[in-house]
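Q: Just dropping this structure here.
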Amino acid sequence: MSTRAEDRALAAALRGWMPLQRWFQGKARDLAGVGIVDEAALAAEGRQVRLLVVEVAYEEGASERYLVPLVADDDGLLAVEQQHFSDGLAHPEVVRTLAAATTSATATPTAGGGRLRGRPVTGRAPSAQASVRGLGVEQTNSSAVLDDAWILKVLRRLEAGAHPDVELTAVLTGAGFAHVPAQHGSLVLEGPNGSETALAVLSDFHAGAEEGWALATAATTAIGQGRGDRTDDLADDLERLGGVVAALHTTLAASLGRAEAGAAETTAWAQGMRAQAEHVLDLAARRGGPATAPVLDAAGEIAAAFDEVAALEEAGPLTRIHGDLHLGQVLRTPEGSWQLLDFEGEPSRPLAQRRAADSPLRDVAGMVRSFDYAAAAPTGGAPPAPAVEAWREQARRHFLDGYAAGAGDLLPPQPTASTLLAALELDKAIYELGYELSNRPGWAPIPAGGILRVLDARGDHS
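Residue 308 in our numbering is what sits at position 313 of the sequence shown, and the numbering runs on without skipping anything.
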């Protein structure tokens, strides 16, 4: 960490400022210290930008690194002795400079002996006079839209290694896959030891696109209020979404390779599923109420579903996947095209796990679980109306039909596909139950109901 007196003073100010920022993920943890571990200077249309890599240490011994672009600003809220600073991303010229940096291979040295380097993908870049507006919905990252046609995502919490979102969208763009916003370039910090850390990525922005979650909950709200038909066009459109997800998996397999899942993988999956179920069922026994009682009674059936996975000697292909696919990660453009977003994977998982090949059916399970939430969210977790339940089942069928039609040999043969998909749905719903019991107990009936439906369907087909 920097030992310069001015950097120590800045780090002390950052210690109080960073926990107040929306993107800071350690708000519930006790800080042990804050230090500046690297810095690059960028010129942004006459304004100097200090691009800081800040390490935050916590009392329990863990630490995280964050990207903090700062500019001198008399009105800035970050006060350091006689100077004031503000977040650089609040200034359009800084956003334009970072966007340009992603599409230029020029290297900029850092104070720690590394280099900032852009990695162009398409050869295109926004205008030097592009308009800039921030997006107010981001949390862990910060995003800005340029000319209503480009989006710059700045990664706040940094992890060394190839970032899945940056990596996969570059691969998919290079492969001509039309269902992700094309990536135009990224900005990477190359360390003196050969490490790399992604800092920002520039992609297409689809103005007027609607989020899948908003579309689905609008449909289920209308149906629940008697203002819609369960055969509305969104359910039909979900069949096309299933085909898009199948095309994603086939493109990733063709671009990055595939392997076959054998006994080693199925044994490991089953072990992880059992461990999670044991933890969540224990939590349900201590915190759950009437909604979780049937799930506790079904503990033996849950174990049997995971035993079936462990018994599989072959479970189909392994390839790179989205890793956290749900309705909130898809957009429908005004032209009717589905776009897939945010390939970071589950943020709580280590980077190596998020980059590992997995069963494509894990993405499928995540999406069908999302239909369950879309059905129940308008009633705050209470059981949805029968017409909404019918929509949920129809949405599931349409999506699965679309996926099966496009997946080809990425879909395992039956009955392996049904066994594995049921277990992955069950595993996802059990994870959701643990989350809801810890954070939103009133929503626990949603995953509890999903668990029981998966078990009922297994019984119907056994």
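Think of the CB as a built atom: it goes at the ideal place given N, C-alpha and C, for glycine as much as any other residue.
Since the model is a prediction, treat every value here as computed from it, not as a measurement.
Could you check whether Arg453 and Ala412 sit closer than 8 Å to each other, using their CB atoms as the reference points?
A: Within the sequence shown, the letter at position 417 stands for residue 412. Within the sequence shown, the letter at position 458 stands for residue 453. Taking 8 Å as the Cβ cut-off, Ala412 and Arg453 do not qualify as a contacting pair.
Q: Would you report the Cα separation of Asp422 and Ala67, rounded to the nearest angstrom?
A: Your numbering for residue 422 matches position 427 in the sequence shown. Your numbering for residue 67 matches position 72 in the sequence shown. Those two C-alpha atoms are separated by around 49 Å.
Q: Please report the residue range of the beta strand (DSSP E) in which Pro64 lies.
A: Within the sequence shown, residue 64 is the residue found at index 69, counting from 1. Note, Pro64: beta strand (DSSP E), 58 to 67.
Q: Put Leu182 into one of helix, strand or coil per three-state DSSP.
A: For the purposes of this step, residue 182 is taken as residue 187 along the sequence shown, with counting starting at 1. Strand, per DSSP.
Q: Within the 8 Å Cβ cut-off, does Gln43 reach chain B?
A: Of the protein chains in the structure, only one exists, and it is not chain B.
Q: Whole angstroms are fine: how far does the CA of Asp142 sit from the CA of Leu167?
A: Against the sequence shown, residue 167 aligns to sequence position 172. Against the sequence shown, residue 142 aligns to sequence position 147. Taking the straight line joining both Cα atoms gives about 24 Å.
Q: Is there contact here, the segment 72 to 91 with the segment 106 to 119, by at least three beta-carbon pairs under 8 Å?
A: They do not touch, by the three-pair rule.
Q: Cα-Cα, which of Gly28, Pro87, Ala0, Thr105 is closest to Arg45?
A: Residue 45 sits at position 50 when you count from the first residue of the sequence shown. Comparing Cα-Cα distances from Arg45 to each of Gly28, Pro87, Ala0, Thr105, the minimum goes to Thr105.
Q: Determine the direct distance from the alpha carbon of Trp264 to that of Leu220, and round the result to whole angstroms.
A: Here residue 220 refers to the residue found at position 225 of the sequence shown. Here residue 264 refers to the residue found at position 269 of the sequence shown. Here residue 220 is Gln; the residue named in the question, Leu, does not match the sequence. Their backbone Cα atoms lie some 41 Å apart in a straight line.
Q: With H, G and I counted as helix, E and B as strand and the rest as coil, what does DSSP make of Thr226?
A: Reading the sequence shown from its first residue, position 231 is the one you call residue 226. Its pLDDT being 49, under 50, Thr226 is placed unreliably in this model, and the coordinates cannot settle the point.
Q: Under 8 Å: do the segment 332 to 345 and the segment 151 to 161 share three or more Cβ pairs, one atom per stretch?
A: The answer is yes - the segment 151 to 161 touches the segment 332 to 345, with three or more Cβ pairs under 8 Å.
Q: For Gly189 and Ala102, what's the separation of their Cα atoms in angstroms?
A: Along the sequence shown, read from residue 1 onward, the residue named residue 189 stands at position 194. Along the sequence shown, read from residue 1 onward, the residue named residue 102 stands at position 107. Cα to Cα, Gly189 sits roughly 14 Å from Ala102.
Q: With a cut-off of 8 Å on the beta carbons, I'd call Val29 and Ala6 a contact; round off their distance for me.
A: Translated into the one-based positions of the sequence shown, residue 29 becomes position 34. Translated into the one-based positions of the sequence shown, residue 6 becomes position 11. That pair is a contact at about 5 Å.
Q: Below 8 Å between beta carbons: does that hold for Val275 and Ala443?
A: Counting from one through the sequence shown, the residue named residue 275 turns up at place 280. Counting from one through the sequence shown, the residue named residue 443 turns up at place 448. Against a cut-off of 8 Å, the Cβ pair of Ala443 and Val275 comes out as no contact.
Q: On the premise that Leu320 lies in contact with Met362, defined as a C-beta separation below 8 Å, what is that separation, rounded to the nearest angstrom?
A: Within the sequence shown, residue 362 is the residue found at index 367, counting from 1. Within the sequence shown, residue 320 is the residue found at index 325, counting from 1. Going by Cβ atoms, the distance from Met362 to Leu320 rounds to 5 Å, so yes, they are a contact pair.
Q: How long is the line joining the alpha carbons of Arg364 and Glu420, rounded to whole angstroms?
A: Position 369 of the sequence shown holds residue 364. Position 425 of the sequence shown holds residue 420. Each residue's alpha carbon lies about 7 Å from the other.
Q: In the DSSP output, which residue or residues are listed as bridge partners for Leu236?
A: Here residue 236 corresponds to residue number 241 of the sequence shown, with the count starting at 1. The partner list for Leu236 (beta bridge, DSSP) is empty, contrary to what the question assumes.
Q: Considering just the uninterrupted stretch of the beta strand (DSSP E) at Ala139, what are its terminal residues?
A: Here residue 139 refers to the residue found at position 144 when the sequence shown is read from its first residue. 136 to 141 is the span of the beta strand (DSSP E), which, as asked, contains Ala139.
Q: Specify whether the segment 187 to 204 and the segment 365 to 384 touch according to this definition: at least 3 beta carbon pairs, one from each stretch, less than 8 Å apart.
A: With the cut-off at 8 Å, the segment 187 to 204 and the segment 365 to 384 do not touch.
Q: So, Ser332 versus His86, is the Cβ gap smaller than 8 Å?
A: If you number the sequence shown from 1, residue 332 lands on position 337. If you number the sequence shown from 1, residue 86 lands on position 91. Cβ distance not < 8 Å, so Ser332 and His86 don't count as in contact.
Q: Can at least three beta-carbon pairs, one atom from the segment 89 to 103 and one from the segment 15 to 30, be found at a separation below 8 Å?
A: Touching, no, given that fewer than three Cβ pairs across the two stretches are closer than 8 Å.
Q: With distance defined between alpha-carbon atoms, name the residue in Gly108, Leu84, Leu9, Ala74 nearest to Arg60.
A: The residue you call residue 60 lines up with position 65 of the sequence shown. When each option's Cα is compared against that of Arg60, the closest is Leu9.
Q: Only counting the same chain, and skipping five residues up and downstream in sequence, which positions put a Cβ closer than 6 Å to that of Lys148?
A: Taking the first residue of the sequence shown as 1, we reach residue 148 at position 153. Contacts found: Asn136, Ser138, Val196.
Q: Tell me which residue opens and which closes the alpha helix (DSSP H) that Thr192 is part of.
A: Taking the first residue of the sequence shown as 1, we reach residue 192 at position 197. Careful: Thr192 lies outside any alpha helix (DSSP H), inside the beta strand (DSSP E) at 191 to 199.
Q: Determine the burial state of Glu384: buried for a count of at least 16 other Cβ atoms within 10 Å of its Cβ, exposed for fewer.
A: Here residue 384 corresponds to residue number 389 of the sequence shown, with the count starting at 1. Classification for Glu384: buried.
Q: Which residue comes first and which comes last in the beta strand (DSSP E) that contains Ser81?
A: Start at 1 with the first residue of the sequence shown, and residue 81 comes out as number 86. Taken as a continuous stretch (DSSP letters only), the beta strand (DSSP E) holding Ser81 covers 78 to 82.
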